[in-house]
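Engineer: Before anything else, here's the structure in question.
There are 2 protein chains.
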Amino acid sequence: MAYPDQVLIKEVGPRDGLQNEKTFLPTEKKVEWIDHLSESGLSYIEITSFVNPKWIPALADCYEVATQIRRKPGVTYAALVPNMKGLEKALKADVDEVAVFMSASSTHSRKNINKTIDETLPVLEETVREARSAGKKVRGYLSTVFGCPYEGEVSPEEVLRITDRLLEMGVYEVSLGDTIGAGNPLQVESSLEEWCSRVAPEHLALHFHNTRGMALANTLVGLKAGIHTYDGALGGLGGCPYAKGASGNVATDDLVHMLHEMGIRTGVDLSSLAEAGEFIESALGNPLDSHHMEVFRASKEKDHC
Amino acid sequence: MAYPDQVLIKEVGPRDGLQNEKTFLPTEKKVEWIDHLSESGLSYIEITSFVNPKWIPALADCYEVATQIRRKPGVTYAALVPNMKGLEKALKADVDEVAVFMSASSTHSRKNINKTIDETLPVLEETVREARSAGKKVRGYLSTVFGCPYEGEVSPEEVLRITDRLLEMGVYEVSLGDTIGAGNPLQVESSLEEWCSRVAPEHLALHFHNTRGMALANTLVGLKAGIHTYDGALGGLGGCPYAKGASGNVATDDLVHMLHEMGIRTGVDLSSLAEAGEFIESALGNPLDSHHMEVFRASKEKDHC
Numbered sequence: 002m003a004y005p006d007q008v009l010i011k012e013v014g015p016r017d018g019l020q021n022e023k024t025f026l027p028t029e030k031k032v033e034w035i036d037h038l039s040e041s042g043l044s045y046i047e048i049t050s051f052v053n054p055k056w057i058p059a060l061a062d063c064y065e066v067a068t069q070i071r072r073k074p075g076v077t078y079a080a081l082v083p084n085m086k087g088l089e090k091a092l093k094a095d096v097d098e099v100a101v102f103m104s105a106s107s108t109h110s111r112k113n114i115n116k117t118i119d120e121t122l123p124v125l126e127e128t129v130r131e132a133r134s135a136g137k138k139v140r141g142y143l144s145t146v147f148g149c150p151y152e153g154e155v156s157p158e159e160v161l162r163i164t165d166r167l168l169e170m171g172v173y174e175v176s177l178g179d180t181i182g183a184g185n186p187l188q189v190e191s192s193l194e195e196w197c198s199r200v201a202p203e204h205l206a207l208h209f210h211n212t213r214g215m216a217l218a219n220t221l222v223g224l225k226a227g228i229h230t231y232d233g234a235l236g237g238l239g240g241c242p243y244a245k246g247a248s249g250n251v252a253t254d255d256l257v258h259m260l261h262e263m264g265i266r267t268g269v270d271l272s273s274l275a276e277a278g279e280f281i282e283s284a285l286g287n288p289l290d291s292h293h294m295e296v297f298r299a300s301k302e303k304d305h306c
Numbered sequence: 002m003a004y005p006d007q008v009l010i011k012e013v014g015p016r017d018g019l020q021n022e023k024t025f026l027p028t029e030k031k032v033e034w035i036d037h038l039s040e041s042g043l044s045y046i047e048i049t050s051f052v053n054p055k056w057i058p059a060l061a062d063c064y065e066v067a068t069q070i071r072r073k074p075g076v077t078y079a080a081l082v083p084n085m086k087g088l089e090k091a092l093k094a095d096v097d098e099v100a101v102f103m104s105a106s107s108t109h110s111r112k113n114i115n116k117t118i119d120e121t122l123p124v125l126e127e128t129v130r131e132a133r134s135a136g137k138k139v140r141g142y143l144s145t146v147f148g149c150p151y152e153g154e155v156s157p158e159e160v161l162r163i164t165d166r167l168l169e170m171g172v173y174e175v176s177l178g179d180t181i182g183a184g185n186p187l188q189v190e191s192s193l194e195e196w197c198s199r200v201a202p203e204h205l206a207l208h209f210h211n212t213r214g215m216a217l218a219n220t221l222v223g224l225k226a227g228i229h230t231y232d233g234a235l236g237g238l239g240g241c242p243y244a245k246g247a248s249g250n251v252a253t254d255d256l257v258h259m260l261h262e263m264g265i266r267t268g269v270d271l272s273s274l275a276e277a278g279e280f281i282e283s284a285l286g287n288p289l290d291s292h293h294m295e296v297f298r299a300s301k302e303k304d305h306c
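Residue numbers (my numbering), protein chains in the order written: chain S, 2 to 306; chain A, 2 to 306.
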């Protein structure tokens with residue numbers, strides 16, 4: 002299959018990128034960062050997560066963030082909701098879209114949300130139904146699809162079963178998450194071959210982490226399989242708290258750079274993304290880990306020589 | 002085309018990785034590092050460069066390194082030689098193989114070695130002839146094949162012309178170098194399609210830098226094109242002096258990890274490679290930049306918790 006002409010990038014940095022930050026980033030910094038992102042040509046930004054602040058203190062200001070950002074016309078501002086309680090708050094904040102999430106591995110599911118897979122499905126079903134009654138589109142995240150930190154291999158059949166269930170509930174797209182960056186290109190190729198033969202690729206998105214550096218290689222495989230929606234976090238933010246810098250989401254900027262070099266449009270302006278990157282690295286007090294940001298910093302240092 | 006069962010990894014860290022280091026790594030550290038590498042299952046190590054120390058002071062001890070390392074049976078110890086003078090010294094040190102190099106971009110060639118492409122060819126021709134008379138196999142490096150820092154695009158036709166000339170001289174393999182990490186998967190795919198239709202893939206190797214994070218994606222394309230030899234530097238050492246950490250060679254360990262996960266054999270033992278990595282990062286006083294080393298460090302920290 003040929004590469005597509007255009008790809009949709011969904012920026013998850015403000016949620017998936019920030020959720021593991023140990024120091025609380027002040028609300029006004031989050032808002033300003035999201036406003037920067039809105040100016041970069043991104044058409045979809047997941048801005049926060051309406052979960053219990055006990056679970057994710059870093060995003061305790063979800064309502065404030067959602068109500069204080071500048072909503073740029075044409076940009077979809079989405080938020081994660083785990084259940085009805087989160088949904089109610091998200092609806093009150095009037096986000097454009099919500100996303101529900103669950104795991105394809107039962108051990109990961111129990112450790113993450115203290116529920117089995119089959120206990121989670123009805124919770125999401127209700128949440129999706131209510132969100133749709135309120136006029137919101139709902140995205141689904143399915144995590145650990147290429148490997149689980151506790152169970153190792155995850156059955157592609159189970160991934161397909163849950164994906165089908167999520168789509169039946171009325172989720173318009175399932176973002177298949179390689180939560181621990183374990184998927185290798187051969188595995189992604191064979192899994193997608195199976196999944197895409199049974200689910201229309203337009204209902205699937207890919208959410209890679211770059212723990213082992215394979216995210217762009219896996220993206221290439223996804224493109225060839227006909228998947229045209231990819232999640233990323235600017236600068237590779239996020240990931241595993243015990244492996245600083247190693248395990249973040251694929252960097253949106255590196256992803257966009259590769260796609261543009263391949264002649265694939267994203268609508269995103271890379272230099273504007275680098276400015277948004279400079280803002281957040283200064284706010285967090287840590288340099289971002291993407292290749293694009295490293296090259297950007299190096300080019301500025303060179304200019305100063 | 003299917004992926005191969007086996008791939009040959011050529012470790013260039015002691016040469017391409019160290020040549021830009023600003024502080025001189027003591028000879029005994031280089032020797033000890035190469036001895037570590039020899040134990041990791043690598044079958045080919047480029048140990049140094051017999052160039053004028055004025056050009057590359059970091060490798061001024063080329064002769065000492067080549068004569069002091071422990072030569073493990075079954076491992077090929079190679080060295081770079083720019084010309085007859087370098088070759089003579091390399092022969093005196095009795096390296097197993099030599100490698101000659103030139104650029105596919107005339108501006109890069111003039112800036113790098115003060116010679117045009119057509120002035121370089123006869124120099125290499127003489128060097129290759131003499132090396133072969135002395136019973137040594139000769140490898141060829143062709144740099145900037147997917148882009149030049151001065152000229153931008155490099156003509157795939159010119160790459161093919163020089164590759165042909167190098168093979169005619171008696172070089173057994175041309176390592177096509179993406180010196181600035183500019184090649185994107187679509188470009189690599191279309192270039193290799195052309196090159197491999199006119200040169201047998203077994204005479205080609207790929208030498209990616211990871212400046213933009215695309216090295217593993219490009220490797221995937223190379224594998225599909227039928228190329229089975231890949232250069233790497235442990236931990237992603239090397240690269241551009243003004244962009245610390247950003248522009249090194251593809252990390253051998255990340256490359257080997259991906260290949261193994263895909264079921265492709267390399268003969269290299271990853272944990273032994275990590276130990277060699279720990280040695281060199283302690284000797285250089287800088288953590289290595291590969292994903293594998295980051296995960297390795299994180300797993301040790303976790304063990305200590």
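Don't be surprised by glycine CBs; every beta carbon is placed ideally from N, CA and C.
Computed from a predicted model, the values in this text were never measured in an experiment.
1. Please state whether DSSP places S104/S in a helix, a strand or coil.
2. Go ahead and label R315/S buried or exposed: buried means 16 or more other beta carbons lie within 10 angstroms of its beta carbon, across all protein chains shown.
3. I'd like to know if G239/A contacts chain S, where contact means its C-beta is closer than 8 Å to some C-beta of that chain.
4. Take A234/A and list the residues in its own chain whose beta-carbon comes closer than 8 Å to its own, dropping the five residues that flank it on each side.
5. How is Y45/S classed by DSSP in three states: helix, strand or coil?
6. Thinking C-beta only, is I48/A closer than 8 Å to Y321/A?
7. For the region 171 to 191 of chain A, which residues have a CB atom closer than 9 Å to at least one CB atom of chain S, in sequence order?
8. Name the two residues that bound the continuous alpha helix (DSSP H) containing Y1/A.
9. Please list, in chain order, all residues of the same chain as K73/S whose beta carbon is under 8 Å from its beta carbon, the five residues on each side excluded.
10. Pull up the distance between the alpha-carbon of A206/A and that of A59/S, whole angstroms please.
11. From this set, S272/S, K31/S, V52/S, N115/S, which residue's C-alpha is nearest E89/S's C-alpha?
12. Y78/S touches chain A at which residues, Cβ-Cβ below 8 Å?
13. Can you determine whether any heavy atom of the ligand SAH sits closer than 7 Å to the C-beta of K73/S, and answer yes or no?
14. Within 8 Å of any Cβ in chain A, is that where the Cβ of M259/S sits?
15. Q20/S: which of D62/S, Y4/S, E127/S sits nearest, CA to CA?
16. Quick one: give me the first and last residue of the beta strand (DSSP E) that L256/S is part of.
17. From V200/S to Y173/S, what distance separates their C-alpha atoms?
18. So what does DSSP say about Q188/A, is it helix, strand or coil?
19. Would DSSP call E154/S helix, strand or coil?
20. So which residues on chain S does L221/A lean against when the C-beta distance must stay under 7 Å?
21. Under a three-way DSSP split, which group does I35/A fall into?
22. Check for me: the beta strand (DSSP E) holding G178/S runs from which residue to which?
23. Throw me the rounded Cβ distance for the K112/A and Y142/A pair, which I believe falls under 8 Å.
24. Output the distance between the C-alpha atoms of L161/A and E98/A, rounded to the nearest integer angstrom.
25. Would you say D270/A reaches chain S, if we count a Cβ-Cβ gap shorter than 8 Å as a contact?
26. Tell me whether the beta-carbon of M294/S lies closer than 8 Å to the beta-carbon of A275/S.
27. What does the alpha-carbon distance come out to for the pair A247/S and F297/A?
28. How would you list, in chain order, the residues of chain S whose beta-carbon sits under 8 Å from the beta-carbon of T212/A?
29. Run the CB neighbour count on M2/S, radius 10 Å, all protein chains shown included, and call it buried at 16 or more, exposed below.
30. Could you tell me if W196/A is buried or exposed, where buried requires 16 or more neighbouring beta carbons within 10 angstroms of its beta carbon?
31. Would you report the Cα separation of C149/A and A132/S, rounded to the nearest angstrom?
32. Give me the residue from E154/A, G227/A, A105/A, P186/A with the minimum Cα distance to L167/A.
Structural biologist: Taking the definition as stated:
1. Here residue 104/S corresponds to residue number 103 of the first sequence, with the count starting at 1. Reduced to three states, the DSSP call for S104/S is strand.
2. Outside the modelled stretch of chain S, which goes from 2 to 306, sits residue 315/S, for which no answer is possible.
3. Here residue 239/A is taken as the residue at index 238 of the second sequence, counted from 1. No, because no Cβ of chain S sits closer than 8 Å to the Cβ of G239/A.
4. Stepping through the second sequence from its first residue, residue 234/A is reached at position 233. Excluding residues within five positions, the ones whose Cβ falls inside 8 Å are E12, V13, G14, D17, G18, G249, N250, V251, A252, T253.
5. Numbered from 1 along the first sequence, position 44 holds the residue referred to as residue 45/S. Strand.
6. A question about residue 321/A goes unanswered here, because the residues of chain A that appear run from 2 up to 306.
7. G182, A183, G184, N185, P186, L187, Q188
8. Lying before the first or after the last residue shown, residue 1/A is absent from chain A, which here runs from 2 to 306.
9. Within the first sequence, numbered from 1, the residue matching residue 73/S stands at position 72. Around K73/S: S39, E40.
10. Numbered from 1 along the second sequence, position 205 holds the residue referred to as residue 206/A. Numbered from 1 along the first sequence, position 58 holds the residue referred to as residue 59/S. In a straight line, the C-alpha of A206/A is about 47 Å away from that of A59/S.
11. Here residue 89/S is taken as the residue at index 88 of the first sequence, counted from 1. It is V52/S whose Cα lies nearest to the Cα of E89/S.
12. Along the first sequence, read from residue 1 onward, the residue named residue 78/S stands at position 77. Neighbours of Y78/S on chain A: none; closest Cβ ~28 Å, over 8 Å.
13. For the structure depicted, the ligand SAH is absent and the ligand set is empty, with no information on it obtainable.
14. By one-based count along the first sequence, residue 259/S stands at place 258. Taking Cβ atoms only, chain A reaches closer than 8 Å to M259/S, which makes this a yes.
15. In the first sequence, the residue the question calls residue 20/S occupies position 19. Measuring from the Cα of Q20/S, the nearest candidate turns out to be D62/S.
16. As a first step, residue 256/S must be located in the first sequence, where it is residue number 255. First-last for L256/S: 253 to 262, but that is the alpha helix (DSSP H), not the beta strand (DSSP E).
17. Numbered from 1 along the first sequence, position 199 holds the residue referred to as residue 200/S. Numbered from 1 along the first sequence, position 172 holds the residue referred to as residue 173/S. Distance between the alpha carbons of V200/S and Y173/S: 12 Å.
18. Position 187 of the second sequence, counting from 1, holds the residue named residue 188/A. Of the three classes helix, strand and coil, the one that applies to Q188/A here is helix, per DSSP.
19. Walking along the first sequence from the start, residue 154/S turns up at place 153. Note: E154/S maps to coil in three-state DSSP.
20. Indexing the second sequence from 1 puts residue 221/A at position 220. Identification of chain S residues near L221/A by a Cβ-Cβ cut-off of 7 Å yields P186, A218, L221, ordered along the chain.
21. On the second sequence, residue 35/A is found 34 positions in, with the first residue counted as 1. I35/A falls in the helix class under three-state DSSP.
22. As a position in the first sequence, residue 178/S is number 177, starting the count at 1. Looking at the DSSP string, the run of the beta strand (DSSP E) that includes G178/S is 174 to 179.
23. Within the second sequence, residue 112/A is the residue found at index 111, counting from 1. Within the second sequence, residue 142/A is the residue found at index 141, counting from 1. Their Cβ separation, rounded to whole angstroms, is 16 Å, which puts K112/A and Y142/A out of contact at 8 Å.
24. On the second sequence, residue 161/A is found 160 positions in, with the first residue counted as 1. On the second sequence, residue 98/A is found 97 positions in, with the first residue counted as 1. Each residue's alpha carbon lies about 24 Å from the other.
25. Your numbering for residue 270/A matches position 269 in the second sequence. With 8 Å as the cut-off, D270/A does not count as an interface residue toward chain S.
26. As a first step, residue 294/S is located in the first sequence; it is residue number 293 there, counting from the start. As a first step, residue 275/S is located in the first sequence; it is residue number 274 there, counting from the start. Going by C-beta atoms, M294/S is nearer than 8 Å to A275/S.
27. As a first step, residue 247/S must be located in the first sequence, where it is residue number 246. As a first step, residue 297/A must be located in the second sequence, where it is residue number 296. Because A247/S carries a pLDDT of 45, less than 50, the predicted location of this residue cannot be relied on, and the following value inherits that uncertainty. Near 10 Å, if we compare the C-alpha coordinates of F297/A and A247/S.
28. Your numbering for residue 212/A matches position 211 in the second sequence. By Cβ distance, chain S contributes H292, V296.
29. Here residue 2/S refers to the residue found at position 1 when the first sequence is read from its first residue. Exposed is the call here.
30. Taking the first residue of the second sequence as position 1, residue 196/A is located at position 195. Buried, by the Cβ-count rule.
31. As a first step, residue 149/A is located in the second sequence; it is residue number 148 there, counting from the start. As a first step, residue 132/S is located in the first sequence; it is residue number 131 there, counting from the start. In a straight line, the C-alpha of C149/A is about 52 Å away from that of A132/S.
32. Locating residue 167/A in the second sequence gives position 166, where the first residue counts as 1. Nearest option by C-alpha distance: A105/A.
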